[in-house]
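Below is one structure, written out as structure tokens; the observations come after it.
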Amino acid sequence: MNIKNICCIGAGYVGGPTMAVIAKQCPNIKVTIVDINEARIAAWNSNNFDALPVFEPGLAEIVKETRGRNLFFSTDVNKAIDEAEMIFISVNTPTKTYGKGKGMAADLKYIELCARQIAQVAKEDKIVVEKSTLPVRTASAIKSILDNTGNGVQFQILSNPEFLAEGTAVQDLLFPDRVLIGGDTATNEGQKAVQSLVEIYTNWIPKAQVLTTNLWSSELSKLTANAFLAQRVSSINAMSEICEKTGADVREVSKAIGMDSRIGSKFLNASVGFGGSCFQKDILNLVYIAKSYGLDEVADYWEQVIIMNEHQKNRFSDNIVKTLYNTVSGKNIAFLGWAFKKDTNDTRESPAIKVADNLLNEQALISVFDPKVVEERIYADLEYLNSRDPQENRTLLSVKKDPYQACHNVHAVAILTEWDVFKTYDWQKIYNGMQKPAFIFDGRGVLDKTLMETIGFTYYKIGSGN
Ligand code: UDX
Ligand code: UDX
Ligand code: ADP
4 MNIKNICCIG
14 AGYVGGPTMA
24 VIAKQCPNIK
34 VTIVDINEAR
44 IAAWNSNNFD
54 ALPVFEPGLA
64 EIVKETRGRN
74 LFFSTDVNKA
84 IDEAEMIFIS
94 VNTPTKTYGK
104 GKGMAADLKY
114 IELCARQIAQ
124 VAKEDKIVVE
134 KSTLPVRTAS
144 AIKSILDNTG
154 NGVQFQILSN
164 PEFLAEGTAV
174 QDLLFPDRVL
184 IGGDTATNEG
194 QKAVQSLVEI
204 YTNWIPKAQV
214 LTTNLWSSEL
224 SKLTANAFLA
234 QRVSSINAMS
244 EICEKTGADV
254 REVSKAIGMD
264 SRIGSKFLNA
274 SVGFGGSCFQ
284 KDILNLVYIA
294 KSYGLDEVAD
304 YWEQVIIMNE
314 HQKNRFSDNI
324 VKTLYNTVSG
334 KNIAFLGWAF
344 KKDTNDTRES
354 PAIKVADNLL
364 NEQALISVFD
374 PKVVEERIYA
384 DLEYLNSRDP
394 QENRTLLSVK
404 KDPYQACHNV
414 HAVAILTEWD
424 VFKTYDWQKI
434 YNGMQKPAFI
444 FDGRGVLDKT
454 LMETIGFTYY
464 KIGSGN
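Take a look at the structure:
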């Protein structure tokens with residue numbers, strides 16, 4: 004089928020950038036992104052391109068080029084479903100916070116609502132594409148809802164997992180390592196549906212990089228990719244603790260093992276822990292699936308990746324307390340960075356949140372500076388934990404608009420995100436304005452140890468032994 008109209012339900016971190024790039028690369032296809040969140044759609048439609056709901060390098064330029072041409076943002080979900088031959092579901096699938104599978108399974112209520120709405124509205128055959136990360140075999144649930152509540156039209160379900168990483172979303176979408184499309188390989192209609200999505204991507208991606216599989220392989224590949232990536236981070240973080248005890252340097256170890264082509268050099272940066280909306284959720288999801296099939300050893304194996312990550316965050320804050328003479332009560336600590344990684348304003352599961360919570364439990368006073376995260380997001384992240392009264396969070400933690408102001412008069416600076424700009428600061432000036440001895444806890448290993456020690460800092464770098 005030749006696709007002329009695409010609808011994407013969900014204008015978030017996945018739906019927004021993905022559809023903007025499709026619109027840019029396929030000028031003949033009309034792409035409409037819909038969301039029930041009116042404020043979010045208004046922000047996507049705003050002429051203030053610095054305040055789009057998602058910050059990604061290069062994204063504002065693409066929205067500028069395509070919006071009003073063949074890219075549209077709207078809250079009229081029904082109209083967009085009705086018009087489209089192909090509908091992407093790109094809504095959030097958070098970890099369940101209630102009932103069976105609480106804290107582990109993915110909450111599919113938003114997906115189910117979408118499926119019911121599509122079924123109700125569709126008057127012609129539609130191809131429905133799963134874009135959100137979903138547990139294996141969700142496609143059959145979607146299909147069952149569509150077939151049983153629809154108006155007798157035909158639905159084809161495809162799985163097209165997103166592999167973009169935040170902060171590099173536009174580049175990842177323009178030049179992906181591969182695109183994965185899963186579909187019903189047993190029927191003609193299924194193969195045709197797969198082909199119509201292949202044709203969209205081959206407008207700019209070489210055919211050899213567009214991989215087609217059956218539905219379940221596609222769904223499982225997404226969880227597997229994220230589990231492997233997260234496992235690499237936990238593995239190198241586990242080594243970082245050994246390095247600190249033995250006098251090795253984790254960056255030297257990363258380099259040495261990364262040159263083995265069987266291991267590869269990427270994703271070996273030791274850190275204060277991984278964050279982001281995917282890694283933890285997807286592994287918990289995998290663990291839940293394994294357990295539900297009685298595969299306890301498999302479940303335990305992957306769960307250890309999460310346990311290691313929690314440990315890494317906790318040991319970072321423990322080390323701060325221990326180094327500051329076993330008490331941080333009433334002491335000022337500056338946080339540079341709150342986002343879960345550089346070049347994004349996203350804070351979901353950011354290690355900074357847990358580290359801050361631990362230190363606030365010790366009655367520390369925290370001042371935060373992040374180049375892209377807004378104040379209200381930071382307070383919302385803390386409030387979500389429910390560890391203390393929201394007012395107390397606002398009393399103990401302040402958000403600054405200037406890094407030097409955040410670091411002024413503090414006992415210690417903690418680096419939680421690897422923003423490049425942190426390297427360019429005048430660290431002598433920061434040192435001069437701090438309490439002495441002046442401590443830096445570099446949770447991302449971004450600063451130069453020799454330089455910091457020459458200035459006079461007591462400098463701790465994750466994974467670096469003395
Ligand atoms: C290993 C290391 O590769 C080598 O760098 C080190 O110097 C010594 O240990 P070796 O044990 O000789 O080398 O063989 P290797 O190819 O690594 O295989 C080890 C085991 O893993 C074998 O039983 C192999 O069958 C198994 N394996 C390897 C798998 O089951 N699957 C794989 O994908 C790779
Ligand atoms: C991830 C996957 O990379 C992407 O393919 C998938 O589509 C969504 O999930 P994302 O969460 O956006 O993307 O960012 P990613 O670059 O994977 O980083 C995740 C976390 O791991 C960040 O907190 C990052 O700081 C941390 N990380 C990553 C490390 O600590 N060390 C590394 O070497 C790499
Ligand atoms: P992701 O990182 O997966 O893109 P986000 O939370 O950033 O997740 O985006 C998901 C978006 O989906 C949100 O803006 C939310 O309002 C939207 N959404 C959720 N359920 C529906 C629905 N039934 N109809 C339309 N939009 C929805």
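Heads up, the sequence shown is in the working numbering, so the first residue is 4 and it goes up one at a time.
All C-beta atoms, glycine included, are put in the ideal place defined by N, C-alpha and C.
Just so you know, these numbers come straight off a predicted model, no measurement behind them.
- Taking a cut-off of 8 Å for Cβ pairs, the region 98 to 106 and the region 56 to 73 do not touch, as fewer than three such pairs fall below it.
- One thing to note: ALA125 has its Cβ within 8 Å of the Cβ of ASN154.
- No heavy atom of ligand 3 is found nearer than 7 Å to the CB of ILE310.
- DSSP, reduced to helix, strand and coil, places GLU133 within a strand of the structure shown.
- For GLY278, the Cβ falls inside the 7 Å cut-off from some heavy atom of ligand 2.
- For TYR328, the three-state secondary structure derived from DSSP is coil.
- The criterion of a C-beta distance shorter than 8 Å is satisfied by VAL275 and VAL358.
- When secondary structure is reduced to three states using DSSP, GLY279 falls in the coil class, being assigned neither helix nor strand.
- With respect to the C-alpha of CYS281, the residue from PHE231, LYS294, ALA251 having the closest C-alpha is PHE231.
- Residue burial annotation: ALA337 is buried, with at least 16 other C-beta atoms found within 10 angstroms of its C-beta.
- The C-alpha of VAL413 lies about 11 Å from the C-alpha of ALA367.
- Only buried fits ARG254, as 16 or more other CB atoms lie within 10 angstroms of its CB.
- In the structure shown, SER93 falls within a coil segment according to DSSP collapsed to helix, strand and coil.
- Around the C-beta of LYS33, 16 or more other C-beta atoms lie within 10 Å, and the residue is accordingly described as buried.
- Taking a cut-off of 8 Å for Cβ pairs, the region 405 to 412 and the region 376 to 395 do not touch, as fewer than three such pairs fall below it.
- Beta-bridge analysis with DSSP links LYS432 to no other residue.
- The nearest non-hydrogen atom of ligand 3 is 7 Å or more from the C-beta of ILE84.
- The three-state secondary structure of ASP252, taken from DSSP, is strand.
- Distance from the C-beta of ARG43 to the nearest heavy atom of ligand 3 is below 7 Å.
- In the DSSP assignment, LYS67 falls within the alpha helix (DSSP H) that extends over 62 to 69.
- One Cα belongs to HIS314, the other to VAL66, and the distance between them is close to 40 Å.
- Straight through space, the alpha carbons of GLU244 and GLY468 are spaced by roughly 9 Å.
- Distance check between GLU456 and each of ILE44, GLN431, GLY466 places GLN431 closest, using alpha-carbon atoms only.
- The continuous beta strand (DSSP E) containing GLY185 extends over residues 182 to 186.
- The beta carbon of ASN272 sits closer than 7 Å to at least one heavy atom of ligand 2.
- As for any alpha helix (DSSP H) of minimum length 4 sitting wholly inside the region 349 to 423, the runs are 354 to 364, 378 to 388, 393 to 399, 406 to 410, ordered along the chain.
- In this structure VAL131 does not touch LEU111 by the C-beta definition: roughly 14 Å separates them, more than the 8 Å allowed.
- Looking only at VAL449, LYS439, ILE433, the smallest Cα-Cα distance to LYS426 is reached by VAL449.
- Not one heavy atom of ligand 3 falls within 7 Å of the beta-carbon of ASN288.
- Of the other Cβ atoms in all chains shown, fewer than 16 fall within 10 Å of the Cβ of GLU64; this residue is therefore exposed.
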